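To keep things clear, I will list the structure first and then write my remarks on it.
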């Protein structure tokens with residue numbers, strides 16, 4: 001790769017912010033209107049249009065699904081002008097379609113970019129996830145521990161009581177036993193209905209969100225996006241793919257994954273430098289949602305680079321007709 005085609009994260013980051021902002025603007029028209037598919041499609045269309053304006057040779061490795069399931073931003077789709085560096089793209093044009101349709105908190109547009117071959121090609125299966133924020137010794141908690149052991153270990157590392165630990169968990173029937181066990185420790189739990197990328201990010205800003213640890217199973221593709229954010233912000237994360245049938249194991253094989261029992265660390269999910277952008281669609285604890293006023297839309301975007309550890313919050317006031 002020639003020097004002119006190197007992954008220039010500093011120059012590419014602002015373009016990535018424009019991509020997430022465009023998707024947020026488009027999906028904002030569907031906030032509270034009860035139509036999840038329309039909100040998602042609006043975000044997909046806008047995100048794809050903006051991506052194709054960037055001078056990159058991009059390949060979608062985390063996207064809307066396989067080619068036969070998604071006509072745009074499908075896994076393997078080439079995006080960008082084709083004249084720049086070769087990059088992997090992980091995206092969720094609208095994380096929280098239900099949140100958007102019902103005008104509930106923490107709907108985001110999310111995208112990450114990294115040099116080609118550095119983002120895990122996670123199949124569309126579940127992933128068991130565990131994440132904590134920065135400032136702790138390596139592997140202070142692990143997926144091999146029980147939920148109770150994780151809370152005890154983190155409390156000891158933080159120098160507090162177990163009842164002072166706050167967790168974020170996706171509210172699903174499959175988590176009922178884990179939630180019951182966690183409540184026995186005295187820890188507090190913030191249950192979220194959707195949006196586990198935001199749930200993991202909460203750990204990196206504990207002083208703002210009050211969340212110390214995230215745990216539970218959710219989509220594997222979202223796990224890669226969450227790891228990209230934590231790589232920029234600091235914090236630790238682990239993920240293990242979960243398979244319910246042969247079809248899901250076949251998806252892993254198609255993605256080139258041979259060790260089905262492997263536990264991935266944050267830096268194994270994202271092996272190189274990465275840039276990450278997320279724009280609020282509805283108001284949330286990370287960024288504010290789209291504000292619609294006569295003549296303009298205002299968005300807030302969080303833009304991050306792992307190379308420098310920079311976290312930038314950007315307010316964009318966009319005139320509209």
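Numbering (UniProt numbering), first residue to last: 1 to 321.
The beta-carbon is built from N, C-alpha and C at its ideal position, and this holds for glycine as well.
None of the values given here were measured: they were computed from a predicted structure.
Beta-bridge partners assigned by DSSP to residue 276: 112, 304. When DSSP assignments are scanned along the segment 49–103, the uninterrupted stretches of beta strand (DSSP E) that are 3 or more residues long and fall wholly within it turn out to be 57–62, 86–95.
Between the beta-carbon of residue 289 and that of residue 280 there is about 5 Å, and that keeps the pair under the 8 Å contact cut. Ranked by how close their Cα comes to the Cα of residue 305, the residues 26, 97, 115 have 115 in first place. Taking 8 Å as the upper bound for CB-CB distance, residue 58 and residue 78 are in contact here, some 7 Å apart. Ranked by Cα distance from residue 184, the first of 143, 147, 88, 235 is 147. Within the same chain, no residue comes within 6 Å of residue 144 by CB-CB distance, once the 5 residues on both sides are set aside. Between residue 52 and residue 195, the C-beta gap is not smaller than 8 Å, which leaves the two residues out of contact. For residue 268, the closest of 219, 117, 205 by C-alpha to C-alpha distance is 117. Here the alpha carbon of residue 186 sits roughly 6 Å from the alpha carbon of residue 162.
The three-state reading of DSSP puts residue 321 in coil, since its state is none of H, G, I, E or B.
Residue 308 is not a Cβ neighbour of residue 17, given a cutoff of 8 Å. Here residue 101 is buried. Its C-beta has 16 or more other C-beta atoms within 10 Å. Going by C-alpha positions, residue 27 is about 43 Å away from residue 156.
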